Amino acid sequence: MKLDTLKHGFDVTGMPVAPDVSYWSPEVMDDLRRQGWSQTDIRRHIDLSAWQSFTTDLPRDPYVNRRWKRMSWLTLDDEGNVTTMGHCPMAQGGAFNDADSMADRLRYYDPLTPAFLERADVKAFVSAWCRLWGIEPREPVLMQITGVRGEGQVDPLQGQGIHADGCRALSILVLTRDNVAGAENHLFADKAGTQRLADTKLVPGDILHLRDDQVFHSVDGIAQRDAAAPFERFIVIINSRFVDDFQNRILRRHFPDAVLDASA
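Heads up, the sequence shown is in this note's numbering, so the first residue is 7 and it goes up one at a time.
In structure tokens, the structure reads:
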């Protein structure tokens, strides 16, 4: 379970020995070991405009107002290739999600499209992400494209506030940020928010890596910078090694042969 503070430092057991220097700079691994989070960008590795095009046909999120979303469960096969695992709902227990619309319930979403998942730069990204975190074959990896658009103001977290996602490995990649005021990310050593670690505003192509069992996070509300035009902010969320018992029970039910977090 998540630590309430970081004053005793990080437990780095289970972290990979060396970074994937062909994709991630050595500083990313150093940051994760030293402080539990790292921010970098992957614009040189992906066709960002092509990825952005996959935000246009997202279905509305049936559980959260003014949000759109697709998600898929991925894994590595024994040869290290990225494969889809099949259907499984998303599940977050109340210990990790304070929003009444999402906590302690199964949530079903349309999968990411084959046109997206079959892209070479998407497969390369997932593979590199798994190497960064030391994810092994048959470990479930959840990948989402999700975001908000519209007018006025919106809380992208829908009441979650400062929270954890219930896993050990989490990354947030910004795809679009158009006409947005707000949406600054905040990192904390405690859920109460008394120990602020960092504040950052991600732009398209930036990615924030978090040891989610060590670092809490939140994001500010979103409003229109120009009131005459709508806003839009879409992100990719990718995470694995779930410590949420609720999610792990559902994963085991749908994927009996999956490798789940040994301590969960």
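Beta carbons: idealized from backbone N, C-alpha and C, even for Gly. If you're wondering where the values come from, they're calculated on a predicted model, not measured in any experiment.
Closest by C-alpha distance to Leu-216, out of Glu-33, Ser-44, Gln-98, Asn-191, is Ser-44.
Closest option to Ala-175, judged by alpha-carbon separation, among Asp-127, Phe-194, Lys-207, Val-249: Val-249. Between the beta-carbon of Asn-191 and that of Val-225 there is about 5 angstroms, and that keeps the pair under the 8 angstroms contact cut.
Ile-48 is not a Cβ neighbour of Val-147, given a cutoff of 8 angstroms. The C-alpha of His-169 is placed about 6 angstroms away from the C-alpha of His-223. By the Cβ-count criterion, Tyr-114 is exposed, with fewer than 16 other Cβ atoms from all chains shown falling within 10 Å of its own Cβ. Annotation for Pro-65: Asp-116 place their beta carbon closer than 6 angstroms to its own, counting only its chain and skipping 5 residues before and after. Under the three-state reduction of DSSP output, Phe-60 falls in the coil class, being neither helix nor strand. Remark: C-beta atoms of Trp-79 and Gly-92 approach each other more closely than 8 angstroms. For Ser-246, the three-state secondary structure derived from DSSP is strand.
Taking the Cα positions, Arg-247 is about 9 angstroms away from Val-265.
Ala-198 and Gly-167 have their C-alpha atoms roughly 10 angstroms apart. Rounded to the nearest whole angstrom, the CA to CA distance from Ala-233 to Asn-254 is 43 angstroms. Excluding residues up to 5 positions away in sequence, Ser-78, Thr-90 lie with their Cβ nearer than 7 angstroms to the Cβ of Leu-123 in the same chain.
Straight-line spacing of the CA atoms in Gln-58 and Thr-182 works out to 7 angstroms. Residue pairing by DSSP puts Trp-74 in a beta bridge opposite Arg-66, Gly-153. At a Cβ-Cβ threshold of 8 angstroms, Gly-188 and Ala-229 count as neighbours. The C-alpha of Ser-55 is placed about 24 angstroms away from the C-alpha of Leu-138.
Bounds of the alpha helix (DSSP H) holding Phe-122 are 120-123.
Cβ atoms of Leu-214 and Ser-177 come within 8 angstroms of each other, at about 7 angstroms.
Taking all protein chains shown into account, Pro-32 has fewer than 16 neighbouring C-beta atoms within 10 Å of its C-beta and is therefore exposed.
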